[in-house]
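Only one structure is covered here, and it is reproduced in the block below.
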Ligand SMILES: Cc1cc2nc3c(=O)[nH]c(=O)nc-3n(C[C@H](O)[C@H](O)[C@H](O)COP(=O)(O)OP(=O)(O)OC[C@H]3O[C@@H](n4cnc5c(N)ncnc54)[C@H](O)[C@@H]3O)c2cc1C
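Structural data, given as C-alpha cells:
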C-alpha cells in the first residue's frame, strides 16, 4: 500500500480518538483499550507478520508510518507499538512450531505480545549484567529474578523475557549465556510472577515484574540457549526506527500546534508569530524534524532490504528524539502560560516525548555506539 493511502487510513481511525480521549486516559492513568482494540481490528498492529501467518506482510517503512500518524494525531503509539516489534524476534528466530502456535493468533488480534522484559534495577543500561536466572531442570527452566520498567505487562498475554542461562563468570564473552523466553502471562501471573505497577509522569502502564521460580517449558525458549543477546540486537533496529517515526509524528504535531497558535495569538497588536523570536525557533525545529525524517526513511529502507542498518537506525532514533524534544520546547514557549493549561494538550505531549531521550535506549548510549562502533573511538565501558 502506498504511504499516502496508509496515512489516510490511520488518520481516519485516529480521528475517532481526539485530544480529549488521550487527556482523559492521561488523567486517569488508564490504558487506552478502545484505541488499541481499534488499531488491532484495523490490522495495523499485525502489518509486520508475514502473510502466511495471517499478517500484513509489510515492511518497517509502512509500520513506521502507522505509528508516526498516531503520534501526529496527538495520540501516543506507546500504548501498542511493542506489539509490532517484539514479535519480530519470533518471526526471525522462533521455531516453525512457535510461529504456528502464536503468530496467527497475534495476527487475528486474539493474543497480545507487547511486553518486553530486559531492563533490571541493578544492571540498568549494562544489559549483560542482568541477574534474572533461568535454570534448566529437565524439560523446563526455573526463572528467578526481577525486571523493571516492563511496559504494558498488565495488558499483554505474552512477554518476551531475557534471562541468564549461564552465569557471567562462566562465559567467554559477556554477551553470551543470555537466552530469550516467551512467558505466557495468562498462566504465570499469580503462579511465580508478580506484577507491581510503577506510577510515572506519563501514562505508560509500566511495572516491576518479580519471578519466583517460575517454571517455563523448554519449548518456550526462542532459538538456541545462550544466544539471546544476538537475537535481541536484531530486533533493536526495528524498535529504533519505529520510535524515530513516533518522534517525527510528535515533532510535526508540536510544530503544527505552535504555528497555529503563533498565527492566532495577538499581543502588542500583532500575531506573536510575526516576531522572528517566535517564528525562527519553529522553523528551526521543523527543519530538524525533516532531516531526522530522512534518516528514519534511510534506516527503514536498509532494514527492509535486509541490509545492516545499526548506525542509521540509532542515528534516526537520536535525531528524531532530539528534534521532537526541541519542537516540544518551542511549542511550550510559543504558547506562553497556556502551555501549562491541560486543555491545550502541549504539557501532556511534552511529558510524553521527553521519554525518548531515555528509553528504550538513552541518548548517551546511542552516542557511545556511534563513537565506538562507527567511528572506532576507544570503548568507554
Ligand atoms: C516509561 C519507561 C518505559 C520503559 N519500558 C521498558 C520496557 O518495556 N522494557 C524494558 O526492558 N525496559 C524499559 N524501560 C527501561 C529503559 O530502557 C531504561 O530506562 C533505559 O535503557 C535506561 O536505563 P536505566 O534507566 O537503568 O538508566 P541507567 O543505565 O542507570 O543510566 C542512567 C543515566 O546514565 C547514563 N549512562 C549510563 N551509563 C553510561 C555510560 N557508560 N556512558 C554515558 N552515560 C551513561 C544513561 O545514558 C542515563 O542517562 C522503560 C523505561 C521507562 C522510563
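In the working numbering, the protein residues as written are 1 to 381.
Every residue gets a Cβ at the ideal spot worked out from N, C-alpha and C, and that includes glycine.
Residue ranges of each alpha helix (DSSP H) within the region 286 to 342, 4 or longer | 310 to 335
Report all residues for which the CB-ligand distance to some heavy atom of ligand 1 is below 5 Å; order them along the chain.
-> 116, 118, 119, 124, 125, 149, 151, 204, 206, 359, 360, 362, 364 and 381
Could you spell out the range, first to last residue, of the alpha helix (DSSP H) harbouring residue 34?
-> 33 to 41
Secondary structure at residue 194, three-state DSSP: helix, strand or coil?
-> strand
Hey, out of 288, 107 and 177, whose CA is closest to residue 129's CA?
-> 177
Cβ-Cβ separation, residue 120 to residue 131 (assumed contact under 8 Å), whole Å | 6 Å
Would you check if the region 21 to 35 and the region 362 to 370 touch, i.e. whether three or more CB-CB distances between them fall below 8 Å?
-> no
According to the Cβ coordinates, are residue 374 and residue 311 closer than 8 Å?
-> yes
Would you say the region 347 to 357 touches the region 298 to 314, given that touching needs at least three Cβ pairs under 8 Å?
-> no
Three-state class that DSSP yields for residue 381 in the structure shown | coil
Please determine if the region 96 to 103 and the region 225 to 235 are in contact, where contact requires at least 3 C-beta pairs separated by less than 8 Å.
-> no
Work out the CA separation of residue 371 and residue 295 for me, nearest whole Å.
-> 18 Å
Could you tell me the boundaries of the alpha helix (DSSP H) in which residue 146 lies?
-> Not the alpha helix (DSSP H): residue 146 falls in the beta strand (DSSP E), residues 140 to 147.
Indicate, with yes or no, if ligand 2 has a heavy atom lying under 7 Å from the CB of residue 363.
-> Ligand 2 is not part of the structure shown, which contains ligand 1 as its ligands.
Evaluate residue 380 with the Cβ neighbour count: other Cβ atoms within 10 Å of its Cβ, from every protein chain shown; 16 or more gives buried, anything less gives exposed.
-> exposed
If you follow the beta strand (DSSP E) that residue 206 is part of, which residue opens it and which one closes it?
-> 206 to 217
DSSP puts residue 179 in a beta bridge; with which residues?
-> 163
Strand pairing of residue 116, partner residues [DSSP] = 160
Presumed contact (8 Å Cβ cut-off) between residue 107 and residue 49, rounded CB distance = 5 Å
Closest by C-alpha distance to residue 82, when choosing among 93, 96, 40 and 122 = 40
Alpha carbon to alpha carbon, how far is residue 78 from residue 219? Give it in angstroms, no decimals.
-> 30 Å
Selected residue, minimal CA-CA separation from residue 148, among 209, 104 and 91 = 209
According to DSSP, is residue 184 helix, strand or coil?
-> strand
Helix, strand or coil: how does DSSP classify residue 416 here?
-> As shown, the chain starts at 1 and ends at 381. That puts residue 416 outside it, with no answer to give.
Is residue 248 helix, strand or coil when you go by DSSP?
-> helix
May I ask which residues mark the beginning and end of the alpha helix (DSSP H) holding residue 69?
-> 60 to 72
When you compare each of 5, 22, 322 and 211 to residue 202 by their alpha carbons, which one comes out closest?
-> 22
Name the residue from 157, 199 and 94 whose alpha carbon lies nearest to the alpha carbon of residue 179.
-> 94
Burial state of residue 340 (16 or more Cβ within 10 Å) = exposed
Distance between residue 343 and residue 91 (C-alpha atoms, nearest Å) = 42 Å
Residue from 13, 27 and 70 whose Cα sits closest to the Cα of residue 253 = 70
May I ask you to report which of helix, strand or coil DSSP gives residue 282?
-> helix
Going straight from the alpha carbon of residue 6 to that of residue 65, what length do you get?
-> 8 Å
Please classify residue 29: does DSSP put it in a helix, a strand, or coil?
-> coil
How many Å lie between residue 223 and residue 58 at the Cα?
-> 24 Å
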